[in-house]
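Notes follow once the structure below has been shown.
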Amino acid sequence: LRRLDLGELKRLSYISEGAFEGLSNLRYLNLGMCNLKEIPNLTPLVKLDELEMSGNQLSIIRPGSFKGLIHLQKLW
8 LRRLDLGELK
18 RLSYISEGAF
28 EGLSNLRYLN
38 LGMCNLKEIP
48 NLTPLVKLDE
58 LEMSGNQLSI
68 IRPGSFKGLI
78 HLQKLW
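Numbering of the sequence shown is given in the working numbering, commencing with residue 8 and proceeding in unit increments.
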């Protein structure tokens, strides 16, 4: 799996800790326009280069939220 589009899922307010385990080939993830309050654990997504997070209800971005995402080129 290289692309995952979960955008505009208004009922998505939380993503469990291990939700992205096994998705090491994912390059694009859309979590935009959901109802997320915090950034989920993205550590397993080592090849991710595009991440859409706009339009959420993020109240805090914790240190290390993007740790290990060395290929990330686009974040919006």
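Ideal Cβ positions, reconstructed from N, Cα and C, are used throughout, including at glycine.
Any chain D beta carbon closer than 8 angstroms to residue i
| i | result |
| --- | --- |
| phenylalanine 27 | Absent from the structure is chain D; it holds one protein chain and no more. |
Reduced DSSP category for residue i - H, G, I as helix; E, B as strand; rest coil
| i | result |
| --- | --- |
| glutamate 28 | coil |
| glutamate 59 | strand |
| leucine 13 | coil |
| lysine 81 | strand |
Limits of the unbroken beta strand (DSSP E) element including residue i
| i | result |
| --- | --- |
| asparagine 37 | 35-37 |
Presumed contact (8 angstroms Cβ cut-off) between residue i and residue j, rounded CB distance
| i | j | result |
| --- | --- | --- |
| isoleucine 68 | proline 47 | Not confirmed; about 12 angstroms, so no contact. |
| leucine 43 | asparagine 63 | 4 angstroms |
Cβ-Cβ distance between residue i and residue j below 8 angstroms
| i | j | result |
| --- | --- | --- |
| glutamine 80 | glutamate 57 | yes |
| arginine 34 | leucine 19 | no |
| leucine 6 | leucine 16 | Residue 6 falls outside the range modelled here, since the chain spans only 8 to 83, and no answer is possible. |
| tryptophan 83 | serine 66 | no |
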